[in-house]
Structure formats: structure tokens, C-alpha cells
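Asks:
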Amino acid sequence: GEANYLKGGIVYADAVTTVSETYAREITTEQGGEGLDGLLRARKKDLYGILNGLDYEEYDPQKDGYIYNHFNEQNFQEGKKLNKARLQKELGLPVKENTMLIGIVSRMTSQKGFDLVAYIMDELLATEDVQLAVLGTGEDQYQDMFRYFAQKYPDKIQATIGYSEERAHRIYASCDAFLMPSLFEPCGLSQLMSLRYGTVPIVRETGGLKDTVEAYNEYEHTGTGFSFANYNAHEMLGTIRYAISVFRDRKKDWNGLIQRGMKQDFSWNRSAGKYEALYEKLTDFE
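Using this note's numbering, you'd call the opening residue of the sequence shown number 26 and step up by one each time.
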């Protein structure tokens, strides 16, 4: 077959790293290994997952130049409320404080779970008191799908087909929740940005999403977001509906989710420390 430089690299490397612990396990399986799973299983003891970090200077709710109102983990209730109302206004959505506003910022591809989104969009918008703020570009079928629903439900969804750094930051800072139902996701940064801005992630349990979002537990009042396990549209819809009910009926728990999310540290400091420790370990063999 053709030369595979990645394969050669894996064979001769002292250690192999990828960008999350769960993804490191997933690539040793046939589903996740893209043909290299056998080799990766053979190197399992030298295979490490270290999360990517987020630039905490650039993504900082206390000084982000793109957002309307600055806030922190103490005063986020007031801060997020102001940002949400301003974003709703800017997007031409009715300004409703008690309607859950869900953000999506993504490449619009099947890898990112948009086939699931397409499947349940009509049902979600027809039956729930919810709003969506969407930003991204990608496959025509998904761009067209969002345009269609934005026309059908103008009070419930606004879709920007394109990219704007400013609007991305505003969605991360202003929404109540953030939807990221990826088929696979080595690390993922959008959920880290969401946590940083107190926007509760709703994710599929794969790769880095599984490692960075702790599922809400209503009995122990723990967690930082909501997640579902199977790549299934109705499981996703059920999870979104569950999140809406917590947002609506258990404000104290919802605010707990936000606060715990904002306290997480997914900065490069943490990741750099892990790389450092790994390199130290490798030089011990010399």
C-alpha cells in the first residue's frame, strides 16, 4: 500500500499522544482507529491522552471585548441575563428571559452530529419553549436545513451561515446551553469555551466531550452539563428536553451547573504540566 507516515511515526515513537484520554482509548478500536487500531493496540502502554487547553486570556468573560456585559462566577446571573437579552435583540428573536436559548457554533458536517439535529429539529421547535442561535458553514444540506427552519420558526431560531468571531464569542457568552452532539470528537474546544462562559454544554459522550463535561446528577446536585451516550436522535432530544426542564423548574440546580462549569480549569497550564511530566518520564530512559 501507499506510505503512511503517521504509521511510521507511531512505530518508532517513544510515546504517542493524542488530545484526550477517551479518544486515546477509542482509536484502539476498529470503529475509531481508521485502520491503525491494531498498531495502536500494540503501543497501548505508550499511548497517552492529554487534553488541549483553551486560551484563558482570549476567552475570558471578565474582559472579552466582543461581549456586551462582563461577568464572573459570582455575578453571572445578572451578567448572563444582560448578554442573553442583547443577543436575542441582535438576532431578531423575541427577548424572553425564561425561554432556554441554545447555541450552536460549528462546522456543519455529519461528524459534528448535524444529521441528528436535522432529524429532531421540527419536533423540538414545534413542541418546546426554546430558542436556537446557530453560527457556522458546511455541507449544503445542513445550511439549507437551518435556513428552512429559520423561516418556518422565525421566533425560535436564527441561523447565521458564515463565520464571525464576534458572534461566536457572543453566542458562547449569552446562551443558556450549548449543543454539541458529535459523532466523534478528539478533544473539542467549543464545550470548553461554553464552560468558561457559564453556558451549559449538552454533548454526546465521545472523545474529549466525555472527558470534559460531567453529566448532571439530580440526586447529588453535581455535574457541569448534560450528555447522552448513543448516537441516536431521540436520545439527544430526550436529553435536550431534560435540560430544558432543569432550566425551567430547578433554577438553583441550573445555577449550580453554571458555577461548577465556570470553576473548571481547562487552561493550557494544566495540559502543559502533563506534557512536561511525560517528557520527563521519557528522558529517564536515556
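We treat Cβ as the ideally placed atom computed from N, Cα and C, and that holds for glycine. Since the structure is predicted, the reported quantities are computational estimates derived from the model, not experimental observations.
#1: Please work out which residues of its chain come closer than 6 Å, Cβ to Cβ, to E210, disregarding the five sequence neighbours upstream and downstream, and give them in chain order.
#2: Counting pairs of beta carbons, one from the stretch 137-149 and one from the stretch 159-171, are three or more of them closer than 8 Å?
#3: Out of curiosity, what's the CA-to-CA distance linking L204 and Y73?
#4: Pick helix, strand or coil for N294, following the three-state DSSP scheme.
#5: What's the gap between the Cα of W279 and the Cα of I35?
#6: Is N108 buried or exposed, if buried means 16 or more other CB atoms sit within 10 Å of its CB?
#7: Quick one: what's got a C-beta closer than 8 Å to M133's C-beta in the same chain, skipping five residues either side?
#8: Whole angstroms is fine: what's the gap from I283's alpha carbon to N29's?
#9: From the DSSP output, in three-state form, read off S207 for me.
#10: Contact check, I75 vs Y300 under 8 Å by CB: the rounded distance?
#11: Under a three-way DSSP split, which group does N123 fall into?
#12: How is the alpha helix (DSSP H) around A268 delimited, first residue to last?
#13: Taking the straight line between their C-alpha atoms, what separation do you get for E103 and H95?
#14: For the stretch 123-174, list the beta strand (DSSP E) runs that are entirely contained and at least 3 residues long, ordered along the chain.
#15: With a cut-off of 8 Å on the beta carbons, I'd call K105 and S45 a contact; round off their distance for me.
#16: Rounded to a whole number of angstroms, what is the C-alpha to C-alpha distance between R111 and Y93?
Replies: Reading it off the structure:
#1: T231, G232, G233, L234
#2: yes
#3: When the Cα atoms are used, L204 and Y73 turn out to be separated by approximately 28 Å.
#4: helix
#5: 44 Å
#6: buried
#7: F139, G161, T162, G163, E164, Y167, Q168, F171
#8: 44 Å
#9: Coil at S207, not helix or strand.
#10: The pair is a contact, with the Cβ atoms about 6 Å apart (cut-off 8 Å).
#11: In the structure shown, N123 falls within a coil segment according to DSSP collapsed to helix, strand and coil.
#12: From DSSP, the alpha helix (DSSP H) with A268 extends over 258-274.
#13: Distance between the alpha carbons of E103 and H95 is about 10 Å.
#14: Assignment of beta strand (DSSP E) within the stretch 123-174, counting only whole runs of 3 or more residues, yields 125-130, 155-161 in chain order.
#15: That belief does not hold up - the Cβ atoms of K105 and S45 are roughly 28 Å apart, past 8 Å.
#16: For R111 and Y93, the distance between alpha carbons rounds to 7 Å.
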